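As structure tokens, the structure follows; a few thoughts come after it.
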Amino acid sequence: MATQAIETYRDTAEIHTGHESCKKRSLEVLPKGLLPLDDILEVGLNREAGFVWLKQMKSKNHTFTDIARYVSYGIEVSAFIEKGKMKNLTKEYFNRDLDGE
């Protein structure tokens, strides 16, 4: 699903490659700690549509201890962003409360 959306918005997007450049760009676009991704290969931003995507080397599992959530991020993560909002985030293969609910 993320791949199709990325291809749709790729032509008119700003695309950054390389881990350092991608890490810096992702922190400019998204709040720090919102998407704790490692080894980012590509970040793209289509300003007209408000579409952003990140590609990483491998899936990432993360526990947000403050809110008791376990989340698994796929290799490709994408979303539509607006000022102060994020919609249609394609990230969750698995998301559960840490207390098992």
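The letter at position 81 of the sequence shown is residue 81 when you use full-length UniProt numbering, and the numbering goes up by one with no holes.
Beta carbons: idealized from backbone N, C-alpha and C, even for Gly.
Bear in mind the structure is a predicted one, so any value in this text is a computation, not a measurement.
Any chain D beta carbon closer than 8 angstroms to residue i
{"i": "G44", "result": "The chain labelled as chain D is not found in the depicted structure, where only one protein chain is given."}
Beta carbon of residue i nearer than 8 angstroms to that of residue j
{"i": "E76", "j": "T17", "result": "no"}
{"i": "I6", "j": "S78", "result": "yes"}
{"i": "V52", "j": "L41", "result": "no"}
Residues of its chain near residue i, where Cβ-Cβ distance is below 8 angstroms and the 5 sequence neighbours each way are ignored
{"i": "I67", "result": "none"}
{"i": "V29", "result": "V43, L45, V52, I81"}
Integer-rounded CB distance, given that residue j should sit under 8 angstroms from residue i
{"i": "S72", "j": "L54", "result": "Between L54 and S72 the Cβ distance is about 15 angstroms, and since that is not below 8 angstroms, they are no contact."}
First through last residue of the beta strand (DSSP E) which encompasses residue i
{"i": "R25", "result": "Run containing R25: none in the beta strand (DSSP E); it sits in the alpha helix (DSSP H), 19-29."}
Backbone CA spacing between residue i and residue j [nearest angstrom]
{"i": "E92", "j": "N61", "result": "Its pLDDT being 48, under 50, E92 is placed unreliably in this model, and the coordinates cannot settle the point."}
{"i": "Y70", "j": "Y9", "result": "30 angstroms"}
{"i": "D11", "j": "G50", "result": "14 angstroms"}
{"i": "F94", "j": "E48", "result": "Note that F94 has pLDDT 45, beneath the 50 cutoff, so the model's placement of it is unreliable and the number below is only indicative. Answer to the nearest angstrom: the Cα atoms are 30 angstroms apart."}
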